[in-house]
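*Asks:*
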Amino acid sequence: MKYSAFDCLRIEHQGPVGWLINNRPEQLNAMSAHMRDEFAIAWRELDADPDVRVIVHTGEGRAFQTGVDVTEIATDGQGMERYRDSVERWDLHFTAWHQQVWKPVITAVNGICAGGGFHWIADADIVIAASDAQFFDPHVSVGQVVAIEAIGLIRKMPFEAVMRMAMVGRHERISAPRALELGMISQVVDPPDNLRAEAQALAETISKNSPAAMAATKRALWNALEVGLTDACRAGAEELASMWGHPDQEEGPQAFAEKRDPVWSIRHAALPAGSNSPRSRKT
């Protein structure tokens with residue numbers, strides 16, 4: 342598949358794994374308006390590539406991501422207005438979750454993750470981090486509100502830990518081992534130089550599973566965060582039933598019985614009747 346040419350991002354393809362790499366290292370991968378626009382395209386293209394089973398998102402240089410490019414907002418005369426408009430209209434497109442990407446997404450945090458960088462922590466399916474990674478949210482330290490990213494994080498972390506990070510601002514940093522204790526991430530990679538290799542290995546392991554089953558599973562579990570228990574279980578049952586009759590449902594047991602690797606179909610499972618997609622954060 343031919344990808345678009347990007348200025349602020351880089352896409353790489355390694356076997357069944359598609360890599361999305363933040364590529365503004367001199368700006369600590371802060372998100373400019375142009376980068377924000379590129380994210381919207383890059384996620385969709387990776388999701389559409391049939392050769393990509395799993396997506397890994399990381400950063401180039403000494404930071405994963407440090408939020409919105411504050412310098413641009415302060416100096417270009419229009420950056421803040423564009424950002425304000427997208428937030429007020431709830432028209433966000435820079436994470437996989439915003440773009441309704443149903444392939445598994447791993448965020449691999451290298452170095453600093455600050456402020457708006459937590460969007461990709463909250464919205465990933467799996468997060469791993471290098472042992473020297475550091476996490477902090479400086480919003481209140483520069484007169485800004487902590488909201489969307491932290492609201493996503495309280496689904497996976499203790500409320501008080503998120504609140505402490507939000508209130509302390511830039512004056513305290515969370516280490517990778519502490520982030521693991523708090524449930525922000527699921528793995529610490531040491532030494533840090535092994536981060537990409539570990540992410541690739543994890544992604545390749547995940548890629549061995551049925552793409553259609555993983556997509557339906559992801560929809561079911563993310564949807565469960567949006568609704569009550571009974572509604573979530575009913576929606577999950579619909580996703581379960583959507584795989585019945587799919588080629589992978591027969592191929593999986595057959596491959597197991599024959600002691601061979603399964604050959605998965607590229608066909609997606611049918612979406613549950615009466616629904617184009619599970620309830621999204623976008624309304």
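Taking our numbering, the leading residue of the sequence shown gets 342, the next gets one more, and so forth. A virtual CB, placed ideally from N, CA and C, is assigned to each residue, including glycine.
Quick one: residues in its chain with C-beta nearer than 6 Å to the C-beta of PRO619, no 5 flanking neighbours on either side, listed in chain order?
*Replies:* Counted from its first residue, the sequence shown places residue 619 at position 278. Confidence at PRO619 is low in this model, with a pLDDT of 40, below 50, so the placement of that residue should be treated as unreliable; the coordinate-derived value is given next. Correct list, in chain order: ARG560, ASN564.
*Asks:* State the DSSP-derived secondary structure class of SER548, mapped to helix, strand or coil.
*Replies:* To locate residue 548, count along the sequence shown from 1; it is residue 207. Of the three classes helix, strand and coil, the one that applies to SER548 here is helix, per DSSP.
*Asks:* Rounded to the nearest angstrom, what separates PHE476 and ARG430 at their Cα positions?
*Replies:* As a first step, residue 476 must be located in the sequence shown, where it is residue number 135. As a first step, residue 430 must be located in the sequence shown, where it is residue number 89. Distance between the alpha carbons of PHE476 and ARG430: 28 Å.
*Asks:* At what residues does the beta strand (DSSP E) containing ILE469 begin and finish?
*Replies:* Position 128 of the sequence shown holds residue 469. Taken as a continuous stretch (DSSP letters only), the beta strand (DSSP E) holding ILE469 covers 467–471.
*Asks:* In the DSSP assignment, find the unbroken alpha helix (DSSP H) run with VAL487 in it and report its ends.
*Replies:* On the sequence shown, position 146 is the one that residue 487 refers to. Per DSSP, VAL487 belongs to no alpha helix (DSSP H) and is neither H nor E.
*Asks:* Apply the 10 Å Cβ neighbour rule to LEU570 and answer buried if 16 or more other Cβ atoms are within range, or exposed otherwise.
*Replies:* As a working note, residue 570 is residue 229 in the sequence shown. Counting of Cβ neighbours within 10 angstroms places LEU570 among the exposed residues, the total staying below 16.
*Asks:* Excluding the 5 residues preceding and the 5 following CYS349 in the sequence, name in chain order all residues of the same chain whose CB lies nearer than 7 Å to its CB.
*Replies:* Position 8 of the sequence shown, counted from the start, is the residue given in the question as residue 349. Around CYS349: ASN364, ARG365, SER373, HIS375, MET376, GLU379.
*Asks:* Can you give me the start and stop residues for the alpha helix (DSSP H) that CYS574 sits inside?
*Replies:* To locate residue 574, count along the sequence shown from 1; it is residue 233. 570–583 is the extent of the alpha helix (DSSP H) around CYS574.
*Asks:* Apart from the five residues on each side of it in sequence, which residues of its chain come closer than 6 Å, Cβ to Cβ, to PRO588?
*Replies:* In the sequence shown, residue 588 corresponds to position 247, counting from 1. Cβ within range, chain order: SER606.
*Asks:* Within a Cβ cutoff of 7 Å, which residues of the same chain sit near SER551, ignoring the five residues on either side of it in sequence?
*Replies:* Walking along the sequence shown from the start, residue 551 turns up at place 210. Contacts found: ASP589, GLY593, TRP605.
*Asks:* Kindly indicate which residue of TYR424, ILE382, ALA553 has the alpha-carbon position closest to the one of ILE414.
*Replies:* As a working mapping, residue 414 is identified with position 73 in the sequence shown. For the residues TYR424, ILE382, ALA553, the minimum Cα distance to ILE414 belongs to TYR424.
*Asks:* So, with DSSP's three-state summary, where would you put ASN617?
*Replies:* Here residue 617 refers to the residue found at position 276 of the sequence shown. For ASN617, the predicted model reports a pLDDT of 45, less than 50, meaning its position is unreliable; a value from the coordinates is still stated below. Coil, per DSSP.
*Asks:* Do three or more CB pairs link the region 381–388 to the region 536–552 at distances below 8 Å?
*Replies:* no
*Asks:* Skipping 5 residues on each side, what residues in its chain have a beta carbon closer than 8 Å to that of SER481?
*Replies:* On the sequence shown, residue 481 is found 140 positions in, with the first residue counted as 1. It is Val, not Ser, that sits at residue 481 in the sequence shown. Same-chain partners within the cutoff: VAL487, ALA507, MET508, GLY510.
*Asks:* For the putative contact between MET498 and MET525, defined by C-beta atoms under 8 Å, what is the C-beta separation to the nearest angstrom?
*Replies:* As a position in the sequence shown, residue 498 is number 157, starting the count at 1. As a position in the sequence shown, residue 525 is number 184, starting the count at 1. Taking a contact as a CB-CB distance under 8 Å, the pair MET498 and MET525 counts as one, their CB atoms being some 6 Å apart.
*Asks:* Examine the Cβ distances between the region 387–406 and the region 443–454 and report whether three or more of them are shorter than 8 Å.
*Replies:* yes
*Asks:* Please classify MET372: does DSSP put it in a helix, a strand, or coil?
*Replies:* The sequence position of residue 372 within the sequence shown is 31, counting from 1. DSSP places MET372 in strand when its eight states are reduced to three.
*Asks:* Just the C-alpha distance for MET584 and ALA542, rounded to the nearest angstrom, thanks.
*Replies:* Taking the sequence shown and counting its residues from 1, one reaches residue 584 at position 243. Taking the sequence shown and counting its residues from 1, one reaches residue 542 at position 201. Answer to the nearest angstrom: the Cα atoms are 27 Å apart.
*Asks:* Within 10 angstroms of the Cβ of ALA346, are there 16 or more other Cβ atoms? Answer buried if so, exposed if not.
*Replies:* Residue 346 sits at position 5 when you count from the first residue of the sequence shown. Flag for ALA346 reads exposed.
*Asks:* From what residue to what residue does the beta strand (DSSP E) around HIS354 run?
*Replies:* Position 13 of the sequence shown, counting from 1, holds the residue named residue 354. 350–355 is the extent of the beta strand (DSSP E) around HIS354.
*Asks:* Please name the residue in GLU422, ASP426, ASN370, ALA389 whose C-alpha comes closest to that of THR399.
*Replies:* To locate residue 399, count along the sequence shown from 1; it is residue 58. Among GLU422, ASP426, ASN370, ALA389, the Cα nearest to that of THR399 is on ASN370.
*Asks:* Of all Cβ atoms in chain B, is any one closer than 8 Å to the Cβ of GLU579?
*Replies:* No chain B appears in this structure, which consists of one protein chain only.
*Asks:* Just the C-alpha distance for CYS574 and GLN368, rounded to the nearest angstrom, thanks.
*Replies:* As a first step, residue 574 must be located in the sequence shown, where it is residue number 233. As a first step, residue 368 must be located in the sequence shown, where it is residue number 27. Going by the C-alpha atoms only, they are around 44 Å apart.
*Asks:* Secondary structure at GLY456, three-state DSSP: helix, strand or coil?
*Replies:* By one-based count along the sequence shown, residue 456 stands at place 115. Helix, per DSSP.
*Asks:* My parser needs the beta strand (DSSP E) runs of 3 or more residues fully inside the region 504–566; what are they?
*Replies:* Runs of the beta strand (DSSP E) inside the region 504–566: 528–530.
*Asks:* What residue range does the beta strand (DSSP E) around PHE597 cover?
*Replies:* For the purposes of this step, residue 597 is identified with residue 256 of the sequence shown, where counting begins at 1. Not the beta strand (DSSP E): PHE597 falls in the alpha helix (DSSP H), residues 588–598.
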